[in-house]
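Student: So in the numbering used here, the last spot in the sequence shown is 264, and the numbers never skip. Built from N, CA and C at the ideal position, the CB exists for glycine as well. Take this structure first; my questions come after.
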Amino acid sequence: MSLHFSPLLSSSSGNASLISNGQTSILVDAGATGSILEKMLRDVGQNAANLAGILITHEHVDHIKGVGVLSRKYNLPIYANSATWEQMQPKIGEIALHNIRIIEKTEFFIRNFCILPIPLCHDAADPVGYSIMSGNRKISILTDTGKISEKMLDAAAGSTIVLLEANHDLEMLKNGKYPYHLKNRILSSKGHLSNIKAGAAAVELYQRGVRGIVLGHISSQNNIKQLAYHTVLTQCEQAGIIIGKDMALTTANRKSITGTFQLK
Ligand SMILES: [Zn+2]
Ligand SMILES: [Zn+2]
């Protein structure tokens, strides 16, 4: 059974990814209006009505903007941990009781997907990434984290693809226009991942069997796609990993569909 991964948008203005194995389709985050997400799903050949559910990583608006609308319109279950629900619920409108699914720290199933939440380091109530497994294929999403720990790396081990945050270039952020407190927030271990840290994580992930990395949540103010790509590429090459041969590396689009990665 093949697994399809479509990053729909990935930035501080909106995040959503579709994962489908032909029988079951789920959305991870819904950080755009309902109508934008409906259109994006149509553009990748999916219908929002056919989703088996929406997984939420954390309650920041760039991850939850359209989740309430989609859940009400299509009767879709929303999966999040209890601390995230507590913060998210007042922001997304009324959700039918049967669509409030509270997840724990352990693996759970949505039809034939096995899903593992991965605790992250970010200034939200209880942020998580996810590993999503179908058959012997696995996709992991690790964005919105100020650091990458051994535990996170181990949880993502063996993924065919990891959506990995490469939020900012350190020099661009330091010299950029953001106010001091915001720079500090982004730079902290509960902020966002720099290109350099993403590069180190990419090497570690390769050593744990990961064979494809999509760099995401790339800042429009403090980063440039090519710079993120080259920083990570350079670190991989310095570790003896040949990009394009040993491991695939690409970047996600901020506000448009990146494409569909097909994992056979
Ligand atoms: Zn975010
Ligand atoms: Zn966030």
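Using DSSP's beta-bridge definition, name the partner residues of H168.
Tutor: Partner(s): S194.
Student: Tell me whether the region 200-219 and the region 153-168 touch, counting them as touching only if at least three CB pairs, one residue from each stretch, are closer than 8 angstroms.
Tutor: Contact between the region 200-219 and the region 153-168 is present, because at least three Cβ pairs lie under 8 angstroms.
Student: Please report the Cβ distance between I26 and L51, rounded to the nearest whole angstrom; I am assuming they are in contact, meaning their Cβ atoms lie under 8 angstroms.
Tutor: Confirmed, Cβ separation roughly 6 angstroms.
Student: Just to confirm the assignment, what range does the alpha helix (DSSP H) spanning K39 have?
Tutor: Run containing K39: G34 to D43, per the alpha helix (DSSP H) assignment.
Student: In three-state terms, what does DSSP make of T84?
Tutor: In the structure shown, T84 sits in a helix (DSSP, three-state: H, G or I).
Student: Taking only beta-carbon atoms, is P90 less than 9 angstroms away from chain D?
Tutor: Protein chains in the displayed structure number just one, and chain D is not present.
Student: Ordered along the chain, which non-local residues of its own chain (more than five positions away) have a Cβ less than 7 angstroms from that of V203?
Tutor: Here the set comprises Q235, C236, A239 and I241.
Student: For Y229, which residues from the same chain have a beta carbon less than 6 angstroms from its beta carbon, with the 5 sequence-adjacent residues on both sides left out?
Tutor: Around Y229: T251.
Student: Can you tell me whether I103 is helix, strand or coil according to DSSP?
Tutor: Three-state DSSP puts I103 in a strand.
Student: Could you tell me whether any non-hydrogen atom of ligand 2 is closer than 8 angstroms to the CB of P119?
Tutor: Checking the Cβ of P119 against ligand 2 gives no.
Student: Answer yes or no: the CB of A252 versus the heavy atoms of ligand 2, is any distance below 8 angstroms?
Tutor: The answer is no for A252.
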